[in-house]
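Novice: Just so you know, the sequences run in chain order A and B.
Counting in this note's numbering, the first sequence runs from 34 upward without gaps.
Counting in this note's numbering, the second sequence runs from 17 upward without gaps.
Glycine included, every Cβ here is placed at the ideal spot set by N, Cα and C.
Since the model is a prediction, treat every value here as computed from it, not as a measurement.
Take this structure first; my questions come after.
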Amino acid sequence: MSNSKLYKGSLTTIILKLLNESDKMYGYEITQKVKELTKGELKITEGALYPALHKLEADGLLDVEVKKVDNRLRKYYKITENGEKESSHQLSELASYIATMQALVNPKLSLE
Amino acid sequence: MVKLSLKEIRFIENYLIKNEVKYWDVRLELLDHIINSVEEKMTNKGLSFNAALQEVHQGFGNNLKTYVIYNHKLMKSGLYADKKGFEKFTKQKQKELGRKYRNQAIKTFKNNMLNYKFIVEYLAFSGLVLTVFQYFPKITVFSGLLILMLPTFYGFYHTFEEKALKKSLSFNMVGTFSILYWSIYNLGLQSLTFFYEKTEPKPYEFFVIMLVIMYQFLRSSMNLYLKILKENKALYKLKLS
């Protein structure tokens, strides 16, 4: 992942959130979706994405489905029931982190 | 949208094979990603095939290095990508697969413990082993090793029979699991021969208890093995279709 070290800790949250909102996605599609949603601000490198996907798969938070597309195999990732629970847990943790940071960085804004 | 030719796709696949991505089940995900990414860079950035491929290499963590060769007094130079990123990718995948199978084996083990059919089977096996042990202790203990090695023999048989299992990381990993149980048992037997060489009778009781305990792990490892075998065969069939 480029841009900032700050984003690194949120990679699994981003992946789980995206997969929670769609039926299934493949690795490259995830990188493109993040790029599109953040208007190119956040670029996930392959070297960061796949270790995160494989870890989530090993933890049972993601499931895999392989399909043949354009005469080659494509691996799709789908969120599991446990993954959905983990996603909402991580998102609430992230929201609380953002609120805490807001209170520290911009106290006036956080009071509003 | 630019579409890569079959020749270009083969070039990428051969490059991966030459650069230590020897397992086909690891390569399939890399290949699809690289093709998608190269096509997108060629379309949106107007890059050449080589330039787009270089960018993808960097994304995976491969370093681009300059090479210089002398050929008939002429010096040629160029760029090549090392395999550092792909090696890391494979190692990391291997580590996570190991974790995934360990979790699955624990889950199967727990399910077996709650399954009355398995409990009956386990009690029957334990009873049989303990009865035979009363009459033939040495034979029981050494036959135990062969029983624990059954998934490994099964694995060897399938590796020769099934193309799907050749150079498959998932099958390699599940095979390692089955070797683990009998290796521990075998190590114990070797130690027994070494440390109790002149002692008679030898403490075979320890091994028969170990065999009875390990039978549960053997069965969960066998279940996992059969599951991965089925998945791999289906995936390979899809690859060839």
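In the DSSP assignment, find the beta strand (DSSP E) that holds A/K111 and state where it starts and stops.
Specialist: Element bounds for A/K111: R105 to I112.
Novice: Using the beta-carbon of each residue, which ones in chain B are nearer than 7 Å to A/V99?
Specialist: The contacting residues are L251 and L254.
Novice: Report yes if the C-beta distance between A/E119 and A/L49 is below 8 Å; otherwise report no.
Specialist: Cβ distance < 8 Å, so A/E119 and A/L49 count as in contact.
Novice: Chain B partners of A/E79, CB-CB under 7 Å?
Specialist: In chain order: H49, G75 and F76.
Novice: Specify, as a first and last residue, the run of the beta strand (DSSP E) that A/K101 falls within.
Specialist: Run containing A/K101: L95 to V102, per the beta strand (DSSP E) assignment.
Novice: DSSP puts A/M134 in a beta bridge; with which residues?
Specialist: A/M134 pairs with nothing; no bridge assigned.
Novice: Given that a residue counts as buried once 16 or more other Cβ atoms are within 10 Å of its Cβ, and exposed if not, what is A/R107?
Specialist: It counts as buried.
Novice: Using the Cβ count rule (16 or more neighbours within 10 Å means buried), how would you classify B/P167?
Specialist: With 16 or more other Cβ atoms within 10 Å, it is buried.
Novice: Per DSSP, A/M58 is paired with what?
Specialist: According to DSSP, which records beta bridges pairwise, A/M58 is partnered with A/Y110.
Novice: Would you please verify whether the beta carbon of B/E36 is less than 8 Å from any beta carbon of chain A?
Specialist: Chain A, which has no Cβ nearer than 8 Å to the Cβ of B/E36, makes this no.
Novice: Check whether the Cβ atoms of A/Y198 and B/N60 lie closer than 8 Å to each other.
Specialist: The requested residue 198 of chain A does not occur in the structure, where chain A is confined to residues 34 to 145.
Novice: Taking B/V42 as the reference, give the member of B/K183, B/G143 and B/M58 with the closest Cα.
Specialist: The option with the nearest alpha carbon to B/V42 is B/K183.
Novice: Answer yes or no: do A/A85 and A/T113 have a C-beta to C-beta separation smaller than 8 Å?
Specialist: Their beta carbons are not under 8 Å apart, which means A/A85 does not touch A/T113 by this criterion.
Novice: Any idea which residues DSSP pairs B/Y132 with across the strands?
Specialist: Answer is none; B/Y132 lacks a bridge partner.
Novice: Determine the direct distance from the alpha carbon of A/K141 to that of B/Y39, and round the result to whole angstroms.
Specialist: Going from the Cα of B/Y39 to the Cα of A/K141 covers about 56 Å.
Novice: In this structure, how does DSSP classify B/K34 when only helix, strand and coil are distinguished?
Specialist: Helix.
Novice: Within 10 Å of its beta-carbon, does A/I131 have 16 or more other beta-carbons around it, so buried, or fewer, so exposed?
Specialist: Its Cβ having fewer than 16 others within 10 Å, A/I131 is exposed.
Novice: Might you give, ordered along the chain, the residues of its own chain that have their beta carbon closer than 6 Å to the beta carbon of B/P153, omitting 5 neighbours on each side?
Specialist: If we look at B/P153 and ignore the five residues flanking it on each side, its Cβ neighbours are Y220.
Novice: What does B/K109 touch in chain A if you count any residue whose Cβ is under 7 Å from its own?
Specialist: Result: H87.
Novice: Quick check on this structure: which residue in B/S142, B/Y151, B/G75 and B/Q110 has the alpha carbon closest to the alpha carbon of B/V190?
Specialist: Nearest of B/S142, B/Y151, B/G75 and B/Q110 to B/V190, Cα basis: B/Q110.
Novice: Using a Cβ cut-off of 7 Å, pull out every chain A residue sitting near B/K116, in sequence order please.
Specialist: The answer, in chain order, is E90 and A91.
Novice: Which of the three DSSP states is assigned to B/Y138 in this structure?
Specialist: In this structure, B/Y138 counts as helix in the three-state DSSP scheme.
Novice: Once DSSP output is grouped into helix, strand and coil, what is the label at B/Y212?
Specialist: Coil at B/Y212, not helix or strand.
Novice: B/F9 touches chain A at which residues, Cβ-Cβ below 8 Å?
Specialist: Beyond the ends of chain B as shown, which are 17 and 257, falls residue 9 of chain B; an answer cannot be given.
Novice: Quick check on B/S199 - is its C-beta less than 8 Å from some C-beta in chain A?
Specialist: False, the Cβ-Cβ gap to chain A never drops below 8 Å.
Novice: Would you kindly report the start and end of the unbroken alpha helix (DSSP H) that includes A/T78?
Specialist: A/T78 -> no alpha helix (DSSP H), and no H or E assigned at all.
Novice: Less than 8 Å between the C-beta atoms of B/L234 and B/F223, yes or no?
Specialist: It is not a contact, given that the beta carbons lie outside the stated cut-off.
Novice: Check for me: the alpha helix (DSSP H) holding B/K61 runs from which residue to which?
Specialist: No alpha helix (DSSP H) contains B/K61, which DSSP labels as neither H nor E.
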